[in-house]
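What follows is one structure encoded as structure tokens, with my remarks underneath.
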Amino acid sequence: TSRNIIILGSGLAEELFGNNNPLGEKIKLFYQRRDYLFTVIGVMEEKGAGLTGNLNDQAYIPITTFMKKLSNSRFVSYYIAQANSGDEAAAAVGEIEYFLIKYLEDEEQEKFNLFSQDQILDTISSVTAALSLMLGGIAAISLLVGGIGIMNIMLVSVTERTREIGIRKALGAKNKNIMSQFLIEALSLSGMGGLIGIAFGWLGAYAIAQAGKWPLVITPISILLVFGFALIIGL
């Protein structure tokens with residue numbers, strides 16, 4: 005059958021209908037510049053995130069309805085299957101592969117791919133590691149450039165304040181006192197720069213997290229490392 009019925013995720017139902025009962029209500033779906041009227045027949049229990057995003061913000065229609073009325077297609081690009089538990093995932097992949105090989109023609113048996121959640125997570129981890137390495141390299145270059153900038157600023161400061169240094173030495177100031185003064189100034193400059201960088205980094209991470217509706221996670225060790233590097237550069 006290809007009935008125009010739909011099941012809403014809990015978050016989507018709340019967004020569309022608030023606290024009202026959505027069962028039996030009509031909603032419009034827009035697909036490829038056309039709109040279709042669907043009747044709500046159920047609401048999913050609250051769930052977490054899945055491979056396709058936040059399950060609470062998704063809606064489900066019969067596949068026959070999608071194929072006959074929306075896509076006008078005789079095939080489906082992909083299926084998502086869920087095992088009863090994580091321990092059964094590997095066995096489920098094997099069973100699905102056996103089923104496809106059994107019922108497909110010989111020339112079609114190499115035209116499908118199976119991916120388990122573990123494989124997808126491994127791929128995501130590899131991409132994330134590569135991005136982290138690249139961002140780490142960019143951060144290292146930024147620290148180097150920032151260190152050179154601070155070094156030049158302090159060098160100019162020392163050069164322009166030669167007369168002040170001479171007066172202080174004439175008044176009895178020791179070399180270590182003068183050195184301490186410039187080190188404190190350099191540490192203050194780099195420390196302020198580090199704090200400003202941390203603030204902008206937090207704001208950027210917060211904006212990205214809000215746009216993607218992801219939880220914002222900032223570890224204290226990362227902040228300490230960034231601030232520590234900034235102080236070291238100042239030295």
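Offset between the sequence shown (1-based) and the working numbering: plus 4.
Don't be surprised by glycine CBs; every beta carbon is placed ideally from N, CA and C.
Secondary structure of residue i, DSSP reduced to three states
i: tyrosine 82; result: coil
i: valine 47; result: strand
i: arginine 38; result: strand
i: isoleucine 300; result: Lying outside 5 to 239, the shown extent of the chain, residue 300 is not represented and no answer is given.
i: alanine 263; result: The displayed coordinates of the chain run from 5 to 239. Any statement about residue 263 would go beyond what the structure contains.
i: isoleucine 157; result: helix
i: lysine 32; result: strand
i: asparagine 58; result: strand
i: isoleucine 65; result: coil
i: isoleucine 222; result: coil
i: lysine 115; result: coil
i: leucine 1; result: Here the chain comprises residues numbered 5 to 239, so residue 1 is not present and cannot be evaluated.
i: serine 120; result: coil
i: leucine 27; result: coil
i: serine 2; result: Summary: the structure shown does not reach residue 2, with the chain confined to residues 5 through 239, and so no result is reported for it.
i: serine 77; result: coil
Residue i vs residue j beta-carbon contact at 8 Å
i: valine 44; j: leucine 16; result: no
i: leucine 220; j: alanine 209; result: yes
i: isoleucine 10; j: isoleucine 31; result: yes
i: asparagine 1; j: tyrosine 40; result: Beyond the ends of the chain as shown, which are 5 and 239, falls residue 1; an answer cannot be given.
i: leucine 118; j: isoleucine 100; result: yes
i: serine 146; j: threonine 68; result: no
i: glycine 198; j: valine 160; result: no
i: isoleucine 182; j: arginine 172; result: yes
i: valine 47; j: serine 89; result: no
i: asparagine 58; j: lysine 217; result: yes
i: isoleucine 227; j: isoleucine 188; result: no
i: serine 33; j: phenylalanine 42; result: The identity of residue 33 in the sequence shown is leucine, whereas the question assumes serine. The answer is yes: Cβ separation under 8 Å.
i: methionine 158; j: phenylalanine 186; result: yes
i: tryptophan 206; j: isoleucine 225; result: no
i: alanine 94; j: alanine 85; result: no
i: leucine 104; j: phenylalanine 116; result: yes
Segment limits, alpha helix (DSSP H) that includes residue i
i: isoleucine 200; result: 179–216
i: leucine 20; result: 14–21
i: threonine 166; result: 166–174
i: phenylalanine 103; result: 93–107
Beta bridge counterpart(s) of residue i as assigned by DSSP
i: isoleucine 9; result: Thr43
Distance cut-off 7 Å: residue i Cβ against heavy atoms of the ligand HEM
i: phenylalanine 70; result: The ligand HEM is not part of this structure, which contains no ligands at all.
Check your understanding: Is the segment 118–127 touching the segment 147–159, taking contact as three or more C-beta pairs under 8 Å?
Key -> The segment 118–127 vs the segment 147–159: no contact.
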